[in-house]
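Protein chains in written order, with our numbering: chain A, 357 to 828; chain B, 88 to 486.
We treat Cβ as the ideally placed atom computed from N, Cα and C, and that holds for glycine.
Predicted model, so just to flag it, every value in this text is computed and none were measured.
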Amino acid sequence: MSRNVVVVGGGPAGLAAAKSAVDAGARVTIIDSSDQLGGQFWRHLPPERAGADEARLHHDWQTYQRLHRRLTASPHCEIRTRTQIWAIETTPDGVLLTGVQGAPDARTEAPIQLHPDALVLATGAHDRTLPFPGWTLPGVYTAGAAQAFAKAERVALGRRVLVAGAGPFLLPVTESLVKTGAKVVAVLEANRPRNLARWLATAPWKLAGKAGELTHYVGTHLRHRVPYRPGRAVVAAHGDDRVEAVTVARVDANWKPIPGTEKRYAVDAVCVSHGFTPRLELAVAAGCRLTADRFVRVDDAQQTTVRGVYAAGEITGIGGKDAALAEGAIAGHCAAGGDTTDAVIQPAVRRRRTMGAFSRRLDAAHGIRPGWTGWLTDDTILCRCEESRVGTVRRTVAATGSVSLRSTKLTTRVGLGICQARICGRNVEDYLGQLGDRVPAGDASSDHRPIVSPVRLGDIARLADPDTPTTP
Amino acid sequence: MAVDVAVIGAGVVGAACAHALTARGLRVAVIDRSSAASGTSSHCEGNLLVSDKGPGPELDLARHSLALWRQLAPQLADDLGPAVPPVEFEPKGGLVVTITAEGAQPLIDFAAQQRVAGVDARVVSLAQARELEPWLNPDITAAVYYPEDCQVQPTIATEALLAAARRRGAVSYFHHEVTGLITGKDGRVTGVRTDRADIPAASVVLAAGPWTGELATRLGAGVPVWPRRGNVLVTTRMPHSVFHKVYDGDYFGATQSSDAALQTAAVIESTQAGTVLIGSSREQVGFDNSMRVEVYAEMAKKALRVFPFLADAGIMRAYGGFRPFVPDHLPIIGPDARMPGLYHASGHEGAGIGLSVATAELVAAAITADSPRSPLGPIDPAPFAVQRPSLQAYLEEAA
Ligand SMILES: Cc1cc2nc3c(=O)[nH]c(=O)nc-3n(C[C@H](O)[C@H](O)[C@H](O)COP(=O)(O)OP(=O)(O)OC[C@H]3O[C@@H](n4cnc5c(N)ncnc54)[C@H](O)[C@@H]3O)c2cc1C
Ligand SMILES: Cc1cc2nc3c(=O)[nH]c(=O)nc-3n(C[C@H](O)[C@H](O)[C@H](O)COP(=O)(O)OP(=O)(O)OC[C@H]3O[C@@H](n4cnc5c(N)ncnc54)[C@H](O)[C@@H]3O)c2cc1C
Chain A
357 MSRNVVVVGG GPAGLAAAKS AVDAGARVTI IDSSDQLGGQ FWRHLPPERA
407 GADEARLHHD WQTYQRLHRR LTASPHCEIR TRTQIWAIET TPDGVLLTGV
457 QGAPDARTEA PIQLHPDALV LATGAHDRTL PFPGWTLPGV YTAGAAQAFA
507 KAERVALGRR VLVAGAGPFL LPVTESLVKT GAKVVAVLEA NRPRNLARWL
557 ATAPWKLAGK AGELTHYVGT HLRHRVPYRP GRAVVAAHGD DRVEAVTVAR
607 VDANWKPIPG TEKRYAVDAV CVSHGFTPRL ELAVAAGCRL TADRFVRVDD
657 AQQTTVRGVY AAGEITGIGG KDAALAEGAI AGHCAAGGDT TDAVIQPAVR
707 RRRTMGAFSR RLDAAHGIRP GWTGWLTDDT ILCRCEESRV GTVRRTVAAT
757 GSVSLRSTKL TTRVGLGICQ ARICGRNVED YLGQLGDRVP AGDASSDHRP
807 IVSPVRLGDI ARLADPDTPT TP
Chain B
88 MAVDVAVIGA GVVGAACAHA LTARGLRVAV IDRSSAASGT SSHCEGNLLV
138 SDKGPGPELD LARHSLALWR QLAPQLADDL GPAVPPVEFE PKGGLVVTIT
188 AEGAQPLIDF AAQQRVAGVD ARVVSLAQAR ELEPWLNPDI TAAVYYPEDC
238 QVQPTIATEA LLAAARRRGA VSYFHHEVTG LITGKDGRVT GVRTDRADIP
288 AASVVLAAGP WTGELATRLG AGVPVWPRRG NVLVTTRMPH SVFHKVYDGD
338 YFGATQSSDA ALQTAAVIES TQAGTVLIGS SREQVGFDNS MRVEVYAEMA
388 KKALRVFPFL ADAGIMRAYG GFRPFVPDHL PIIGPDARMP GLYHASGHEG
438 AGIGLSVATA ELVAAAITAD SPRSPLGPID PAPFAVQRPS LQAYLEEAA
C-alpha cells in the first residue's frame, strides 16, 4: 500500500521532497502558509502582477517550474497553500498535525488535522537581525524583507541604501536592490577579510555545479561599483521619523566595535541581515533532538531522532537552495519508503555531500560572533514587540540575581510579544547568556513554541466539535 | 558557614519562606536545582482568590494571605526600587458565572455559605454582571461578584520576594540539586546534601512544589504531593476588555475533584501586559508536558461560552505547569515529627501563589517558636500539619 507523506514547507527542500516522494509512489500532501509554493528562494510576485518576467527575476526558475509542474500533474499530490500548521503532537500511532486553511484573518478559515504515515519538515529559516541603536527606525529593513519588497514591488527602497550584516546572502540582496535602481552606497560584512578570503576562494556555488552565482553577484558589484567592506558593521542608525544616517565602525574578529573608528554616512535606507534562524518549532514539538548548534539532527536518510519524521533544508543547516534541494529529495524518497542506497537518489546524495562541506565553511566564515553586544547601549531596544530596552533588562537581572531565562523573560517581557520571539529570541538568549549562565533549554528556549503561529481561539474551539474535517 | 535555615526550592513558596525567615533575622540559604521561579511558579496564573474556596482552613489561609499581599506589594516596591518591576498587585475582584440552568442555584448557595464564613460574596443581577463585564455572554444564568479577589504577576512576585530576602542576607544556591539530608547522631537534620556541595543548616524547609513527593521519599520523609497538570492559553495584546477575574462555576467541580482524567473549566483574566490568559485544565499525567490540541480545544470551547467575543482573539502562546496536588486538597505545612529539624511547605495545588505568604508565616513561626504575623491575627497551623488524620494512610504507606 502506498504511504501517505505530508510535507510541511513549499520552499526548495519541501518541493524536492514532495517530488521524490511522489516519484517513489507515495501519496503526498504539501503544505505551505504562503499563497504559492516556492519558499524563500522563489518568492513570487503578487498575483495581480505575476508575469512573464518572473523567470528573469529569479535564479534557477526552471528548477522551480519543473518541480511545480511535476506536483501539479500528479494525481497523487495534493497542494495546500495558505495553510498554516500551528501545532504538532505525537500520538501512539504517529504524529498529528493541526492547522488552519484559508486566507489569514478571514473567518472562512477551516481547521484541518492530518495524521500521515511519514512527515517531512522543510520549514526553512528566517533572517536574523542583531539589534543596534536605532534599528527599529522606519527605513531599516531586514535583508529578506528588502529583497521581497524589491522583487514584488520593483520600486527602489531608497536613493542611498546601505547593506550590512554578514553572510553571502547580502550579495543577492544587493543585486535585487541595484536592479530596482537603488544606489547601494556600500555592503558591509562584519567578518574580517581573512575569514572571507578562505571562503570566497572555494567558490561554493560553482562547486555545486550551478552557473557560478557568486561570480555573478560579484560581477554585479563591480559593474555598479558597490564597495564591499569586510570587518565593518553598522553600530547605530540615526533619524527622527526615519533613518537619515548611520554610524559605521570597524569591528574586531569577534565583532566588537573598535573605538575611534566610527564614521557617519547619510543614507535613506539600511538593509541588515546577520544570518538565519531556523524555524524549529514544529520539529521541537514533534520531539526531534537538535544539534549543539541548534539545527534539527538528521541521519543519512534525513530522518530525525523521531521515527517517521524527516527534515530537510535550512532547518538542518544553512546551506543555500542547492543543499535544500538535495536534502529534500533524499528526505522525500526515504519518507516514501525508499532507501538511501537506491540508484535514483544517488545524484542527490552526492550533491548533499558537496553542499554539506559548503555549509560548514559558510558558518565558519559568517557565523555570528559574541562581540556584537559591544555596540548596544542602555537605550537600545532588545525586543521590538514589547519595546524592552537593554538597560532595563540589565538592571532587572542585576537586581533579581536571576539566572533563569524564563524568569527573566517574564519579569522584563523581552521575547513575549506577538512575533513570538522570532525576531529577538536568539539575540535575547545571547545577550542574557553573556550576563550569566542561562541555558536556552526546554520551554525557556525560543525554539519552543507549542503554538507555532497565532491562531484564533474560535479555530481552536472548533476542533472540539466532532465534525471537524480530518484528512486524510 | 552553617545557616539557620536551608530552604529547598526557589518557587514562590520557598521565596516567601526566605522572605519571612530573614524578616525574623535568620540566616537563610535557598537551594534550587534550576533557578528562581523555574518550576510551577512561572507556569501558572497569579490569582489570589477567595471566590473558589468554601468555608474551611484553606479559605482562612487565603484570607490571611490576601491581607499579607496587600501589605507586601507596596513594601516590596519600596524595598527594591525601580530595578525590580512591580509585582502587578491588582485588587480587581472576581466574577463567577454559570451558563447552565442547573448551575445557577448551586453557585448562589455556595456564595451564601461563603458569606457565613465572612467572604464578601455578592449575588448580582445579570444586568449588573454585564455592567461589570460588558462582553460577557448575555445567556449567563447566574453571577456572583467577589470584590476581595486579587491578582499578582507570579514570576515577578517570586523574584521580588527572593530579591528582598537576599537584601537581608539570604544566599541562593542555584543549579544545586538536593540529593539528601545530613542528620546528626540523634537523627536531627543538620543540613542538606546537593550534587555540588553540602550545606549545613540548623533547620531545613522542603518547598519543592510538585516534585516534593518524589524528593521527600528520597529524603526519607515521604508525603503525598503529586503533579497535576494544567494549561494556559495566552492571547496577543488586545484593548482592555476583561476587567475582573472571570470564571465559569464549573471550575469548583474541577478544583475539588481528585479525578485523574482531563477536566477543563473556563478561567479568564487580563494581565497588565495587555494579554488575556485563558485557563484551565486539570489532569494527572505525571510530569508529562507534551501538548495536546484536544485539551486546548476543550479550554477554548468553554472560554467562548463565557466570552463569545474571544473567538476572534489570537492565541500566540500556550504553557503548562504542574500543580502540587495533595489528596485531601490542603497544603502540607509545618514540622515533620518523623525527622526533627525538617519542615514542610508544599502541596498548594492551584493556589500556591496566593497561599505562599501565609504559609511562610506558619513556617517561620514554627521554626522560631514565634507566632505567625498576619494583619488578621492568629493562624491555626493544625489543619495543615503533616501528621493530620486525613494523610495518615499515605504516611503509613510511605513508611
Ligand atoms: C535574502 C535572501 C537571499 C538568498 N539568496 C540565495 C542565493 O542567492 N542562493 C542560494 O542558494 N540561496 C539563497 N538564499 C537561501 C535560500 O533562500 C534558502 O537556502 C532556501 O530557500 C531554503 O529552502 P528551504 O526549503 O529549506 O526553506 P524556505 O525556502 O524558507 O521554505 C520554507 C517554507 O515553509 C513554510 N512554512 C514554515 N513553517 C510553516 C508552517 N508551520 N506551516 C506552513 N508552512 C510553513 C514557509 O512559508 C516557507 O515557504 C537566500 C535567502 C535569503 C533570505
Ligand atoms: C496552570 C496553572 C495555573 C495556576 N494558577 C494559579 C493561580 O491563579 N493562583 C495561585 O495561587 N496558584 C496558581 N497555580 C498554582 C501555583 O502555581 C502553585 O501552587 C505554586 O506555584 C507552587 O509553588 P511552589 O514554590 O510550591 O513550587 P514551584 O514553583 O514548582 O517550586 C519548586 C522548586 O523546587 C525546585 N526543586 C525541585 N526538586 C528539587 C531538588 N531535588 N533540589 C533542588 N530544588 C528542587 C524546582 O526547581 C522548583 O523551582 C496554578 C498552577 C498551574 C499549573
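For B/Leu391, the neighbours in chain A by C-beta distance under 8 Å run, in chain order, Leu813, Gly814 and Ala817. Minimum Cα-Cα distance from B/Ala308 among the listed residues B/Thr299, B/Arg315 and B/Pro314 corresponds to B/Thr299. Annotation for B/Ile286 indicates a beta carbon at 8 Å or more from all heavy atoms of ligand 2. Using a Cβ-Cβ cut-off of 7 Å, B/Ser122 is close to Ser758, Val759, Ser760 and Ser763 of chain A, given in chain order. Going by DSSP, A/Arg805 is part of no beta strand (DSSP E) at all; its letter is neither H nor E. Only Ala443, Glu445, Thr446 and Leu452 from the stretch 426-453 of chain A bring a Cβ to less than 8 Å from some Cβ of chain B. Using a CB distance cut-off of 9 Å, A/Arg751 counts as an interface residue toward chain B. A straight line joining the alpha-carbon of A/Trp491 with that of A/Ala593 spans about 6 Å.
In the three-state reduction of the DSSP assignment, A/Ser744 falls in the strand class. For A/Ile444, the closest C-alpha among the options A/Phe525, A/Val662, A/Thr696 and A/Arg709 is that of A/Val662. Under the Cβ distance rule, B/Gly296 does not count among the residues neighbouring chain A, no pair being separated by less than 9 Å.
By the Cβ neighbour-count rule, B/Lys272 is exposed, with fewer than 16 other Cβ atoms within 10 Å of its own. With distances taken between CA atoms, B/Thr266 lies nearest to B/Leu293 out of B/Asp196, B/Met325 and B/Leu293. In the DSSP assignment, B/Ile269 falls within the beta strand (DSSP E) that extends over Val265 to Thr270. By the 16-neighbour rule on beta-carbons within 10 angstroms, A/Ala797 is exposed. Residue A/Arg606 holds the alpha-carbon nearest to the alpha-carbon of A/Glu618 among A/Thr647, A/Arg606 and A/Asn610. Residue pairing from DSSP places A/Phe632 in a beta bridge opposite A/Asp483. By alpha-carbon distance to A/His689, the top candidate from A/Val384, A/Gly365, A/Gly367 and A/Lys765 is A/Val384.
Leaving aside the five residues that flank A/Asp608 on each side, the residues in its chain whose CB is nearer than 7 Å to its CB run, in chain order, Ile614 and Gly727.
Bridge partners of A/Ala589 according to DSSP: A/Ala605. A/Ile444 carries a strand assignment under DSSP once its states are collapsed to helix, strand and coil. For B/Gln201, the enclosing alpha helix (DSSP H) has its first and last residue at Ala188 to Val203. DSSP lists no bridge partner for B/Phe471. Close partners of A/Pro810 in chain B (Cβ separation under 7 Å): Thr323, Gly401, Ile402 and Met403. Residues of the same chain with a CB within less than 7 Å of the CB of B/Arg460, apart from the 5 flanking positions on each side, are Glu448 in chain order. Between B/Lys332 and B/Leu136, the C-beta gap is smaller than 9 Å, which places the two residues in contact. The DSSP-derived three-state label of B/Glu483 is helix. Per DSSP, the beta-bridge partners of B/Phe412 are B/Trp313. The count of Cβ pairs closer than 8 Å, one atom from the stretch 750-757 of chain A and one from the stretch 151-166 of chain B, stays below three, leaving the stretches out of contact. Interface criterion not met: the Cβ of A/Ile468 is under 9 Å from no Cβ in chain B. Apart from the 5 residues on each side of it in sequence, A/Thr428 sits with its Cβ closer than 8 Å to the Cβ of Ile435 in its chain, given in chain order.
Inter-residue distance for B/Val258 and B/Val115 is about 6 Å (C-alpha atoms, whole angstroms). In this structure, DSSP gives B/Lys388 a helical state, which the three-state scheme calls helix.
Residue pairing by DSSP puts B/Tyr430 in a beta bridge opposite B/Val292 and B/Pro422. Taking a Cβ-Cβ threshold of 8 Å, none of the residues of chain B is close to A/Arg663; the smallest such distance is about 16 Å.
Excluding the 5 residues flanking it on each side, A/Ala512 has same chain C-beta neighbours closer than 7 Å at Thr536, Gly537 and Ala538, in chain order.
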